[in-house]
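The block underneath contains the structure these notes are about, expressed in structure tokens.
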Amino acid sequence: MQEQEMEVDVGDPVKASNLLRLIKQLLVEKAYDGVRMLFQSAQESEKNTRLLPHIAMDLYHDVCLENLSDEVNSQEPELFDCSDELLKLLAKYAPLHELMLELMERLEESSSINVFGAYLRALQVVLHRQGRDKPQAVEWSLNSIFTHLKDLPLPEYLSEGYDEAQARLIEQNEQVEDLLAHYITVGLFREPLRDEILQQDVRTPSQIFRDCGINRRNIFTCFFIQLLGRPLALLEMNRVKEDLTRSYVQQVTESLTQDANQFLGDPFYLLNLVEQRARWLRKLDASKGVYEMSCRNVFLIEEKLPLHAVAMYYHSLFVGNQLPTNAPKVYAPLFKDVTGFWQALPEIEKELLDPLGTALNFSMAHYRAYKERVEKGQSASDDELMQRQLNMLAVNISNSGMAGGDAESKLPDIGRQEKLDVLASSITSLETLQSLYLRASEIIEQSARLRRLANSSNA
101 MQEQEMEVDV GDPVKASNLL RLIKQLLVEK AYDGVRMLFQ SAQESEKNTR
151 LLPHIAMDLY HDVCLENLSD EVNSQEPELF DCSDELLKLL AKYAPLHELM
201 LELMERLEES SSINVFGAYL RALQVVLHRQ GRDKPQAVEW SLNSIFTHLK
251 DLPLPEYLSE GYDEAQARLI EQNEQVEDLL AHYITVGLFR EPLRDEILQQ
301 DVRTPSQIFR DCGINRRNIF TCFFIQLLGR PLALLEMNRV KEDLTRSYVQ
351 QVTESLTQDA NQFLGDPFYL LNLVEQRARW LRKLDASKGV YEMSCRNVFL
401 IEEKLPLHAV AMYYHSLFVG NQLPTNAPKV YAPLFKDVTG FWQALPEIEK
451 ELLDPLGTAL NFSMAHYRAY KERVEKGQSA SDDELMQRQL NMLAVNISNS
501 GMAGGDAESK LPDIGRQEKL DVLASSITSL ETLQSLYLRA SEIIEQSARL
551 RRLANSSNA
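In the working numbering, the protein residues as written are 101 to 559.
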């Protein structure tokens, strides 16, 4: 969207001066509804709005700037509200960049949430007018918002660390409440701008590679993620209330994460850039976080996208379960056979799995029957066979030189209880192997069924 061209009544600046005097007089008389009627009534609205470009900045300095203060808000709230409405109206007609600079300065210096909100609503209108032009100016405007949030006072214990008891009460702290109120106000500010950008700033089919330069969409993406860092990151993000309701911190975090997801498209895109910043690219100026080729990629600049804010973004994705369902998969798709395993599976089952299952069944049956005969005192033949096998094992160990001293070729017979202990241990080991075998067979069967369903649906 290009900067809007407002229709100006250039023929009669005298009428514009008269309109300015009338507005001031009505405000002195506290006729606030009369001021509203000048721009809302069907008879007066069109005529007066055509004159606003002549007097917009005078109206800003003489009326809005003077009345948008905490003192006026507490003593004359109606005057404050009327000035707020006038500021939002004149933001449509005032010289764009002159008013933008004024708003940036006032946002950084705002003394309360009410004053901050008034200037923020006007900036929203200005950024709508700005459109995709001059993204650097958009970035400066968003920086002024973040600067104000960053400078808000907070309890000292947030930086020092706090225990679980303090975490339960953290949102009841007056300074934290004020911070969250500012974040919620910023959320209302960004919603219409977000919707406009998602509709207008779309990658064309001919644009193969992502544009990582300074454009409006990338600037807002960095802004959303930047807001997830300090000071918001100092608050408790993981605590779940007893009634399972979401805390204000969680609501703010989820909203910012979802906006960033929409703008990025692929939430994993930043991981590669973090890797570049941390390992491969040489910094040109480490103190400023400027990297090689960063002029072509805004995501490589620490000032625009702090690494701790990126970390909080991925914390929200994975720990806060904010990963979108349509996010690209990191690993190979489930049903894409890239290993050749499914082609070799019949032979694996024939040569390995089936014989293994049969052997486990026979071994389990043999050891259980042997244990039963030992318990009944009917294991003489089995004992003789086991003794011969143990003696053969002793001979092999002796011949290999592993036995120390003059090892005898025969091992002593073990008692009934020792046999039962050995058999119980063997049966337990076989049961463990059998459970692993059955689980592997179950997984293979489920995967094969899913593959068949996927193939049939694709067909």
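The C-beta atom is built at its ideal place from N, Cα and C for all residues, glycine as well.
- Taking the CA atoms as reference points, Lys192 sits about 31 Å from Leu328.
- In the DSSP assignment, Thr458 falls within the unbroken alpha helix (DSSP H) covering Asp454 to Lys476.
- When only Cα atoms are considered, Tyr132 and Glu144 end up about 15 Å apart.
- Counting along the chain, the unbroken alpha helix (DSSP H) around His248 starts and ends at Pro235 to Lys250.
- Of all alpha-carbon atoms in Asn148, Leu199 and Gly217, the one lying nearest the alpha-carbon of Asp170 is that of Gly217.
- Within the same chain, Cβ atoms closer than 8 Å to the Cβ of Leu159 are found at Leu120, Ile123, Leu152, Leu186 and Leu190, the five residues on either side in sequence being excluded.
- The beta carbons of Ile325 and Leu370 sit closer together than 9 Å.
- Residue environment: Asn118 is assigned as exposed (fewer than 16 neighbouring CB atoms within 10 Å of its CB, all protein chains considered).
- By the 16-neighbour rule on beta-carbons within 10 angstroms, His154 is buried.
- Residues Glu271 and Leu280 of the same chain have their beta carbon placed closer than 6 Å to that of Tyr348, with the five preceding and five following residues left out of the count.
- Only buried fits Asp359, as 16 or more other CB atoms lie within 10 angstroms of its CB.
- Where Ala267 is concerned, the enclosing alpha helix (DSSP H) starts and stops at Glu264 to Arg268.
- Take Gly134, set aside five residues on each side of it, and the residues of its chain with a beta-carbon closer than 6 Å to its own are Leu126, in chain order.
- The C-beta distance from Leu400 to Leu364 rounds to 15 Å, too long to fall under 8 Å, and the pair is not in contact.
- By the CB criterion at 9 Å, Leu223 and Phe289 fall inside the cutoff.
- Non-local C-beta neighbours of Leu220 in its own chain, meaning closer than 8 Å and more than five positions away in sequence, comprise Leu207, Ile245, Thr285, Val286 and Phe289, ordered along the chain.
- Within the same chain, Cβ atoms closer than 6 Å to the Cβ of Pro113 are found at His154, the five residues on either side in sequence being excluded.
- Judged by their CB atoms, Gln275 and Leu254 are nearer to each other than the 9 Å cut-off.
- Shown here, Ile308 sits in coil according to DSSP, grouped into three states, outside any helix or strand.
- Burial state of His248 is buried, judged by a 10 Å Cβ sphere holding 16 or more other Cβ atoms.
- A Cβ-Cβ separation of about 7 Å places Lys471 in contact with Leu520 under the 8 Å criterion.
- In its own chain, leaving out the 5 sequence neighbours on each side, no residue places its CB closer than 6 Å to the CB of Ala540.
- Counting other Cβ atoms within 10 Å of its Cβ, Phe462 stays below 16 and is therefore classed as exposed.
- The continuous alpha helix (DSSP H) containing Asn118 extends over residues Pro113 to Val128.
- For the set Thr353, Asn243, Leu553 and Gln443, the Cα lying nearest the Cα of Val419 is the one of Thr353.
- Taking a 10 Å sphere around the C-beta of Val302, we find fewer than 16 other C-beta atoms and assign the residue as exposed.
- When secondary structure is reduced to three states using DSSP, Gln422 falls in the coil class, being assigned neither helix nor strand.
- Counting the other Cβ atoms within 10 Å of the Cβ of Ala409 gives 16 or more, which makes it buried.
- Rounded to the nearest whole angstrom, the C-alpha separation of Glu146 and Pro195 is 19 Å.
- Boundaries of the alpha helix (DSSP H) harbouring Ile155: Leu152 to Leu159, taken from the DSSP string.
- Counting only residues of its own chain and dropping the five nearest sequence neighbours on each side, Gly457 has a CB closer than 8 Å to the CB of Tyr537 and Ser541.
- Here Ala156 is buried: its Cβ has 16 or more other Cβ atoms, across all protein chains shown, within 10 Å.
- Cα atoms of Leu550 and Ala444: separation of roughly 18 Å, rounded to the nearest angstrom.
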